[in-house]
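J.:
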Amino acid sequence: MGNAGNHFKPTGIAERCDWRGLAAFGLPFLIYLLTLAPTIYNLDSAELTTAASTAGLMRSTGYPLYLTLGYFWSKIPLGDVGYRMNLLSAVFGALTIFLGERILRRWQLGGWATFGALGLLATSTFFWGLSLVAEVYTLHTALMAGLILALLHWSDSPTPQRMAVIGLVGGLGMSHHASTVLLIPGSLFFVLSMRPKKALSPRSLLAFSLSALLGLSFYLYLPVRYMAQPPFNYAGIFDGELNFHPVDLTTLEGLWWLISGRAFTDAMMAYNRLGFWQETQRYLVQLGRAFFAVGIGPGLLGIVLLFRRKWREGGMLALMFLSNAGFYINYRVMDKDTMYLPTYLIGALWIAYGFQALLDWVRQDEPERKLGLRTLSILMLGSVLFALAWNWRIVDLSDDWTSRLQGETILRRVERNALVFGWWDVVPVVQYLQLVEGERPDVQAINRFLIAPNDLVSAIKKEVRYRPIYVDHIPGELAESISATPVGPIYRLIEPK
Amino acid sequence: MKKIGRIIFALAIFLSGATLVPALGLPAQGFNWQHYENVYATIKLFIPVIVR
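Rendered as structure tokens:
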């Protein structure tokens, strides 16, 4: 395809410097840095930050690669630990854009098409937003872009060494996020349609297996840390006596329970036909919005042209897209809007291909060539700048201290030896302040996710006689028998005399 | 005329999605924890686990 926008001819040091790659990483990173959450953020962010920085354990699916990287990253002397872990998401977000640029460069797409498509991805609300707080998703998209790049690299020269790179990146991907399994159908389609004999040769299979095992070795984190009994452990349950029972991660059964996400099987494939259709519509609206609607036409064009010109790449991306979109559309969880980033990445690759086709289309004619190229280039630039300006005000977290303030308010106001029950929007931040910053070790905070509703009720009934108990929401079963008084964002339970 | 038509066609594809903006709407909010605040209160979320 074309090379629009590649007229600049640098010399000397400038010639050796990869300006395009530098910009692909540097520009989004700068934007993320300026809008980054300044301290600990709430929900999963607080859980991830606390688990990573204390070498603790997460809920399913374990995220051992993230926890290992996060543990070391959390030691860098920059801001508080919450800020450092937010910064890690920004690094992986920018890395995703950088690797996306490398993929598009392999397809010989020009600067404008690349800038337009990846600019829209980098500034889309959820991709941008999830690059600003500690989360697992940008590392996942970076590994996914790395896997696609490794597959394309292998297709140039299908050697066992290059197959080993695929195995390593795939293994790392699985060590991070179990949904990497959704990339397998597309990857298999690509290698088996490209060079099946080379892919299935004993040397290639051996190289793949050994390097995949190396990538998967991060799973050792889970049993190793389980044996150390870390203070932060979300892989287990509390009983009605408030004894914690960790899942035994030294057994295959326990390990498989955690990493397979079996705990969430009720939420998988959860919709009937009508529900699935409604969720699909919601997703398509979200996808359209993510690329400010201008991506829809070029994206569809890109899908068609990629299939016609590079059907193996087209098939691979389509299978990866459909697997991810299909799984998450049918996944009944409250925050699934945040889980579609892999499909955004593929959407951006399609859009870039469509953008380039449009640029090539208008370039064919003189003298209108300049007019057409300029008009389209300005529109691509304008779309990214508009997305940047529009989304900045709705994603900017640079002045958001709300999570820390809420956690500090709770710890300041609860009485000595208090017991605090709450969901993700209350407890993980409290635990972060306790375990990472050393505040109020006398307080016990328990996420309600880790205790069955009936055990919670019996624990409250028993403990309320002996120590102060606080909850975020009063369990319905106790509404008649226990009164409550608000204390900051939570309630102090009072046993009637 | 044919050449101008090519440009118009390319622009039409580029902007075709924008005609859906009134139906789709522009992004109204980013990722924000308050959006998910209190949602847990309405559900019975508990994950049974394997323990020894």
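Those protein sequence lines, which keep their order, are chains D and P.
20 is the number of the first residue of the first sequence in the numbering used here; add one for each residue after it.
12 is the number of the first residue of the second sequence in the numbering used here; add one for each residue after it.
Built from N, CA and C at the ideal position, the CB exists for glycine as well.
Determine the closest residue to P177 (chain D) out of D:L151, D:W92, D:S194 and D:K216, with distance taken between C-alpha atoms.
T.: Residue D:K216 is the option with its Cα nearest to P177 (chain D).
J.: Quick one: is P33 (chain P) near chain D, going by C-beta distance under 7 Å?
T.: Taking Cβ atoms only, chain D never reaches closer than 7 Å to P33 (chain P), which makes this a no.
J.: Mapping the DSSP letters down to three states, classify G24 (chain D) as helix, strand or coil.
T.: Low local confidence applies: a pLDDT of 45 at G24 (chain D) is under 50, so the model's placement there is unreliable, with the coordinate-based value given in what follows. Note: G24 (chain D) maps to coil in three-state DSSP.
J.: Are the C-beta atoms of T199 (chain D) and some chain P residue less than 7 Å apart?
T.: Answer no: the Cβ-Cβ gap between T199 (chain D) and chain P never drops below 7 Å.
J.: Does the beta carbon of G16 (chain P) come closer than 7 Å to any beta carbon on chain D?
T.: Not one chain D Cβ lies under 7 Å of G16 (chain P).
J.: If the criterion is Cβ atoms closer than 7 Å, does the pair L320 (chain D) and I24 (chain P) meet it?
T.: Yes, these two residues count as a Cβ contact at 7 Å.
J.: Going by C-alpha to C-alpha distance, which of D:D354, D:I322 and D:R301 sits closest to D518 (chain D)?
T.: Given a span of 20 to 516 for chain D in the structure shown, any question on residue 518 (chain D) remains unanswerable.
J.: In whole angstroms, what is the alpha-carbon distance linking P508 (chain D) and M339 (chain D)?
T.: Each residue's Cα considered, the two are about 43 Å apart.
J.: Please check if any C-beta of chain D sits within less than 7 Å of the C-beta of I24 (chain P).
T.: It does: the Cβ of I24 (chain P) has a partner Cβ on chain D nearer than 7 Å.
J.: So, at 6 Å on beta carbons, what are the nonlocal neighbours of F251 (chain D) in its own chain, with the 5 sequence-adjacent residues on each side left out?
T.: Excluding sequence neighbours, F251 (chain D) sits near T69, A70, T73, G75 and L454.
J.: Answer with yes or no whether the minimum CB distance from T68 (chain D) to chain P is below 7 Å.
T.: It does not: the Cβ of T68 (chain D) has no partner Cβ on chain P nearer than 7 Å.
J.: So which residues on chain P does I315 (chain D) lean against when the C-beta distance must stay under 8 Å?
T.: Result: S27, G28 and L31.
J.: Taking Cβ positions, are G165 (chain D) and L118 (chain D) nearer each other than 7 Å?
T.: Yes, they are a contact pair.
J.: Mind pulling the chain P residues with CB within less than 7 Å of D11 (chain D)?
T.: Only positions 20 to 516 of chain D appear in the structure, and residue 11 (chain D) is not among them; the question remains open.
J.: Going by the beta-carbon positions, is the gap between F374 (chain D) and G135 (chain D) smaller than 7 Å?
T.: A contact, by the Cβ cut-off of 7 Å.
J.: What alpha helix (DSSP H) runs, 4 residues minimum, are completely inside the stretch 260-310 of chain D?
T.: Those alpha helix (DSSP H) runs which fall completely within the stretch 260-310 of chain D and span 4+ residues are 271-278 and 292-309.
J.: Which full runs of the alpha helix (DSSP H) of 4+ residues lie inside the stretch 184-227 of chain D, going along the chain?
T.: Counting only runs of 4 or more, we get 203-213 and 215-218.
J.: Does any heavy atom of the ligand ATP sit closer than 6 Å to the C-beta of F209 (chain D)?
T.: Among the components modelled here there is no ligand, and therefore nothing to report on the ligand ATP.
J.: Look at the Cβ atom of A109 (chain D), then the Cβ atom of L55 (chain D), and state whether they are nearer than 7 Å.
T.: Cβ distance < 7 Å, so A109 (chain D) and L55 (chain D) count as in contact.
J.: What residue does the alpha helix (DSSP H) around G40 (chain D) start on, and which one ends it?
T.: Residues W38 to T54.
J.: Check whether the stretch 269-287 of chain D and the stretch 233-251 of chain D are in contact - that is, three or more C-beta pairs closer than 8 Å.
T.: Taking 8 Å as the limit for Cβ pairs, the verdict is that the stretch 233-251 of chain D does touch the stretch 269-287 of chain D.
J.: Compare the C-beta of W380 (chain D) with all C-beta atoms of chain P and state if any pair is closer than 7 Å.
T.: Closer than 7 Å to some Cβ of chain P, the Cβ of W380 (chain D) qualifies, so yes.
J.: On a Cα-Cα basis, can you pick out the residue from P:G16, P:G28 and P:Q40 that is closest to F311 (chain D)?
T.: Closest option to F311 (chain D), Cα to Cα, is P:G28.
J.: Output yes if chain P places a C-beta closer than 7 Å to the C-beta of R308 (chain D); else output no.
T.: With 7 Å as the cut-off, R308 (chain D) counts as an interface residue toward chain P.
J.: Using 8 Å for Cβ pairs, my map puts A141 (chain D) next to M104 (chain D). What's the rounded Cβ distance?
T.: Not quite, the Cβ-Cβ distance comes to about 20 Å (not below 8 Å), so this is no contact.
J.: Is the CB of N252 (chain D) under 7 Å away from at least one CB in chain P?
T.: For N252 (chain D), the answer is no, since every Cβ of chain P falls outside 7 Å of its Cβ.
J.: Out of D:A42, D:H196, D:P179 and D:P83, which one is the CA nearest neighbour of R121 (chain D)?
T.: Per the Cα distances, D:A42.
J.: Can you look up A498 (chain D) in the DSSP assignment and give me helix, strand or coil?
T.: It is coil, neither helix nor strand.
J.: Please name the residue, chosen from D:F48, D:L53, D:L86 and D:P47, that lies closest to E66 (chain D) on a Cα-to-Cα basis.
T.: Looking at the Cα atoms, D:L86 is the closest of the given residues.
J.: Comparing alpha-carbon positions, which option in D:I513, D:R125, D:Y489 and D:W275 lies nearest S174 (chain D)?
T.: Checked all of D:I513, D:R125, D:Y489 and D:W275; the closest Cα to S174 (chain D) is D:R125.
J.: Return the CA-CA distance between F346 (chain D) and S198 (chain D), expressed in angstroms with no decimal places.
T.: So the two alpha carbons sit approximately 9 Å from each other.
J.: Which whole-angstrom value is the C-beta distance of L53 (chain D) and S417 (chain D), which I expect to be below 8 Å?
T.: About 7 Å; that satisfies the 8 Å criterion.
J.: Roughly how many angstroms separate the alpha carbons of I501 (chain D) and G259 (chain D), rounded to a whole number?
T.: Near 18 Å, if we compare the C-alpha coordinates of G259 (chain D) and I501 (chain D).
J.: Taking buried to mean at least 16 other C-beta atoms within 10 Å of its own C-beta, is P515 (chain D) buried or exposed?
T.: Classification for P515 (chain D): exposed.
J.: What do you get for G441 (chain D), buried or exposed, if any count of 16 or more other CB atoms within 10 angstroms of its CB means buried?
T.: It is buried - the Cβ of G441 (chain D) has at least 16 other Cβ atoms within 10 Å.
J.: For G24 (chain D), collect the residues of the same chain with a Cβ closer than 6 Å to its Cβ; drop the 5 residues on either side in sequence, then sort them by chain order.
T.: Residue placement at G24 (chain D) cannot be trusted, given a pLDDT of 45 that sits under 50; the coordinates are not used to answer.
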